Ligand code: ATP
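In the working numbering, the protein residues as written are 66 to 442.
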């Protein structure tokens with residue numbers, strides 16, 4: 066077992082015209098389970114491939130257990146990688162597939178090898194499949210074999226590259242729990258790449274969010290959800306996504322008055338919340354509010370924002386309301402106006418076309434600098 070450290074890790078392609086990974090700094094503690102998430106092309110796989118030794122960094126260093134392994138050949142790194150497409154040898158048996166990674170260990174007897182494979186197979190519940198070939202197995206079973214093969218190696222670090230993407234939703238949920246159980250049991254430092262923020266949030270001790278090859282934020286899932294560092298993270302984490310409204314801010318007494326950039330929206334933050342934002346003065350900001358922090362009221366209180374119900378989408382315990390915000394004349398109702406979503410209890414069921422009034426749970430209101438996207442804290 067070992068820590069994993071990335072120092073200013075960088076990967077350029079096409080003579081530097083593509084920066085896939087942009088000076089990434091990351092320290093992962095011994096035994097930690099870290100999920101890496103971000104949109105397609107943000108550099109997740111390239112980062113993982115550099116740790117595995119499948120891709121050479123353009124610059125920067127990689128340490129495992131304090132040892133610089135940047136120039137060590139993939140075969141001699143103590144890492145095991147699990148891929149989305151399983152990467153099993155089709156004509157070898159499951160036993161042979163799982164034992165394959167051990168062939169390099171010359172000091173291991175055939176009996177010992179067999180014993181290690183059997184124990185890993187038992188751990189994954191696939192001991193009855195050892196004589197089969199991959200084509201006889203379901204997708205879920207194949208991924209268990211791939212996981213078993215990684216376990217057999219007893220690596221310092223597990224690397225997972227979207228391992229569950231090819232499985233159906235139900236199996237994916239089961240396998241998520243299994244991978245977590247396994248990682249907890251074995252305590253092996255793990256980096257798990259996914260594009261699915263929900264998977265990243267539920268599985269990781271810690272989540273790393275990348276965009277454009279750059280580290281956006283890292284922290285416990287709840288920290289990142291509650292205190293996103295910037296607008297990108299705020300919009301990426303959480304489902305449905307955070308709502309954003311362009312506003313102009315103005316200090317009024319102890320509070321802050323927010324006006325929608327087109328004038329149709331207005332909201333007052335009281336002194337408590339305004340204090341938390343500090344002295345922001347006037348200027349352009351983006352107001353962020355998560356759908357679950359929107360409160361639907363009966364009539365227009367002091368801070369009520371009128372909204373017209375566009376769509377009511379029941380999702381079981383809750384309803385998602387897609388709203389047009391703004392004045393009663395629906396001045397926000399343009400083709401390209403982004404949807405504003407409220408997540409409300411299932412017994413809040415307005416009709417489409419109803420005019421309702423909403424307000425926000427004030428402690429959960431976020432402000433972002435309109436220019437930089439950085440969160441105001
Ligand atoms: P996805 O979720 O789609 O797999 P990702 O976050 O894993 O995306 P990478 O595959 O790491 O992203 O790619 C990062 C960037 O580097 C992308 O712009 C991609 O096109 C580019 N890239 C990756 N590999 C190569 C390569 N061999 N040659 C040129 N460009 C590459």
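Glycine included, every Cβ here is placed at the ideal spot set by N, Cα and C.
On a predicted model such as this, the values are computed, not experimentally measured, just so you know.
Cβ distance (whole Å) where residue i is taken to contact residue j below 8 angstroms
{"i": "residue 232", "j": "residue 205", "result": "6 angstroms"}
{"i": "residue 258", "j": "residue 110", "result": "7 angstroms"}
{"i": "residue 256", "j": "residue 282", "result": "The pair is not a contact, with the Cβ atoms about 16 angstroms apart (cut-off 8 angstroms)."}
{"i": "residue 260", "j": "residue 219", "result": "Not quite, the Cβ-Cβ distance comes to about 29 angstroms (not below 8 angstroms), so this is no contact."}
{"i": "residue 294", "j": "residue 440", "result": "6 angstroms"}
{"i": "residue 50", "j": "residue 118", "result": "This structure gives no information on residue 50, because the portion of the chain shown stretches from 66 to 442."}
{"i": "residue 152", "j": "residue 211", "result": "7 angstroms"}
Cβ neighbour criterion (16 or more within 10 Å) applied to residue i
{"i": "residue 78", "result": "exposed"}
{"i": "residue 411", "result": "exposed"}
{"i": "residue 332", "result": "buried"}
{"i": "residue 393", "result": "Only weak support is given to the placement of residue 393: the predicted model assigns it a pLDDT of 42, under 50, and the value that follows is read from those uncertain coordinates. Exposed, because fewer than 16 other Cβ atoms sit within 10 Å of the Cβ of residue 393."}
{"i": "residue 156", "result": "exposed"}
{"i": "residue 150", "result": "exposed"}
{"i": "residue 182", "result": "buried"}
{"i": "residue 408", "result": "buried"}
{"i": "residue 90", "result": "exposed"}
{"i": "residue 376", "result": "exposed"}
{"i": "residue 235", "result": "exposed"}
{"i": "residue 175", "result": "exposed"}
{"i": "residue 214", "result": "buried"}
Reduced DSSP secondary structure (H/G/I, E/B, other) of residue i
{"i": "residue 255", "result": "strand"}
{"i": "residue 290", "result": "helix"}
{"i": "residue 231", "result": "coil"}
{"i": "residue 121", "result": "coil"}
{"i": "residue 211", "result": "helix"}
{"i": "residue 265", "result": "helix"}
{"i": "residue 371", "result": "strand"}
{"i": "residue 310", "result": "strand"}
{"i": "residue 164", "result": "helix"}
{"i": "residue 422", "result": "strand"}
{"i": "residue 77", "result": "strand"}
{"i": "residue 385", "result": "strand"}
{"i": "residue 379", "result": "strand"}
{"i": "residue 92", "result": "strand"}
{"i": "residue 396", "result": "Caution is warranted here: a pLDDT of 41 is assigned to residue 396, below 50, making its placement in the model unreliable, and no coordinate value can be reported."}
{"i": "residue 247", "result": "helix"}
Cβ pair residue i, residue j closer than 8 angstroms
{"i": "residue 339", "j": "residue 100", "result": "no"}
{"i": "residue 423", "j": "residue 372", "result": "yes"}
{"i": "residue 321", "j": "residue 345", "result": "yes"}
{"i": "residue 229", "j": "residue 103", "result": "no"}
{"i": "residue 390", "j": "residue 370", "result": "yes"}
{"i": "residue 416", "j": "residue 374", "result": "yes"}
{"i": "residue 129", "j": "residue 222", "result": "yes"}
{"i": "residue 216", "j": "residue 251", "result": "yes"}
{"i": "residue 125", "j": "residue 73", "result": "yes"}
{"i": "residue 309", "j": "residue 296", "result": "yes"}
Would you call the region 234-249 and the region 159-168 touching, i.e. three or more CB-CB distances under 8 angstroms?
At 8 angstroms Cβ cutoff, the stretches do not touch.
Say whether the region 296-314 touches the region 135-155, bearing in mind that this needs 3 or more beta-carbon pairs closer than 8 angstroms, one atom from each stretch.
With the cut-off at 8 angstroms, the region 296-314 and the region 135-155 do not touch.
Measuring CB atoms only, is the region 106-125 touching the region 79-98, in the sense that at least three cross pairs come out at less than 8 angstroms?
Yes, the region 106-125 is in contact with the region 79-98.
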